[in-house]
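Counted from 1, the sequence shown has number 24 at position 24 by the working numbering; the numbering is strictly sequential. Glycine is no exception: its CB is placed at the ideal position from the N, C-alpha and C atoms.
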Amino acid sequence: MNDSEERFTALYDRHYRSVLGYVLLRSDPEVAEDVSSETFLVAWRRLDEMPDRALPWLLGVARNLLAKQRGKQQRGRALLDRITARAAVREHAGQDVADQVADRDAAVKALASMPEKDLEAMALATWHGLEPHEAATVMGCSLRAYHARLHRARKRLGSALARDAEPRPSPPHARSQPVGEI
Numbered sequence: 001m002n003d004s005e006e007r008f009t010a011l012y013d014r015h016y017r018s019v020l021g022y023v024l025l026r027s028d029p030e031v032a033e034d035v036s037s038e039t040f041l042v043a044w045r046r047l048d049e050m051p052d053r054a055l056p057w058l059l060g061v062a063r064n065l066l067a068k069q070r071g072k073q074q075r076g077r078a079l080l081d082r083i084t085a086r087a088a089v090r091e092h093a094g095q096d097v098a099d100q101v102a103d104r105d106a107a108v109k110a111l112a113s114m115p116e117k118d119l120e121a122m123a124l125a126t127w128h129g130l131e132p133h134e135a136a137t138v139m140g141c142s143l144r145a146y147h148a149r150l151h152r153a154r155k156r157l158g159s160a161l162a163r164d165a166e167p168r169p170s171p172p173h174a175r176s177q178p179v180g181e182i
């Protein structure tokens with residue numbers, strides 16, 4: 001094997017699962033395989049341009065490929081569905097089933113109200129463990145813009161969760177007068 005093939009093989013072995021995981025959060029499994037493969041095809045073609053920390057660059061390529069393949073609304077729906085599925089699996093120690101359902105419903109409702117870019121900013125930081133400058137690279141924005149986006153996303157999520165946690169007023173009691181009388 002020559003040096004380029006060895007470098008590419010090492011790159012693929014090290015990052016394929018991360019790229020596939022990133023794409024699976026945003027697409028169907030069949031699409032994810034194709035996009036992941038195409039991401040590494042681009043990496044092979046641009047191997048000499050690869051930065052030292054390749055994962056953010058690879059995730060950025062995967063993100064761009066997904067953008068070409070689907071509309072913004074479809075990508076947002078797929079991401080929300082996957083977040084919802086993960087939230088359903090999480091166990092809450094010490095809570096009864098009713099509390100778990102209420103918490104899950106509140107989280108799903110809050111996440112559904114958020115823009116796709118907010119969800120992506122939080123996922124890159126939380127699930128993928130990227131440093132802010134790496135997440136900014138993936139999202140195709142400056143570090144300052146990423147920090148602002150992440151801050152706004154967290155604030156919106158907190159507000160949405162707080163709104164859902166507020167007690168609802170009980171329905172008004174029926175009038176004592178019969179219907180039709182004033």
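For residue i, does the three-state DSSP call read helix, strand or coil?
i, result
"Pro51", "coil"
"Glu131", "coil"
"Arg104", "helix"
"Asn2", "coil"
"Leu11", "helix"
"Leu25", "coil"
"Ala162", "helix"
"Arg17", "helix"
In angstroms with no decimal places, state the Cα-to-Cα distance between residue i and residue j.
i, j, result
"Thr137", "Val31", "23 Å"
"His15", "Arg104", "32 Å"
"Arg53", "Asp118", "24 Å"
"Leu11", "Gly21", "16 Å"
"Val42", "Met50", "10 Å"
"Asn64", "Glu5", "25 Å"
"His128", "Lys68", "22 Å"
What residues in its chain sit with their C-beta under 7 Å from that of residue i, if we drop five residues either side in the sequence?
i, result
"Val185", "This structure cannot settle anything about residue 185, because the visible part of the chain is limited to 1 through 182."
"Gly140", "Gly60"
"His147", "Pro132"
"Leu143", "Pro132, His133 and Ala136"
Give me, in chain order, the residues of the same chain whose beta-carbon lies closer than 8 Å to that of residue i; leave out the 5 immediate sequence neighbours on both sides.
i, result
"Leu150", "Ala121, Met122, Ala125, Pro132 and Ala135"
"Asp3", "none"
Beta carbon of residue i, beta carbon of residue j: below 8 Å?
i, j, result
"Val23", "Leu55", "no"
"Leu229", "Ala112", "Look at the range of the chain in this structure, 1 to 182, and you will see that residue 229 is not part of it."
"Arg7", "Leu47", "yes"
"Ala114", "Ala145", "Per the sequence shown, residue 114 should be read as Met rather than Ala. No; because the gap between Cβ atoms is not below 8 Å, this pair is not in contact."
Please work out which residues of its chain come closer than 6 Å, Cβ to Cβ, to residue i, disregarding the five sequence neighbours upstream and downstream, and give them in chain order.
i, result
"Thr9", "none"
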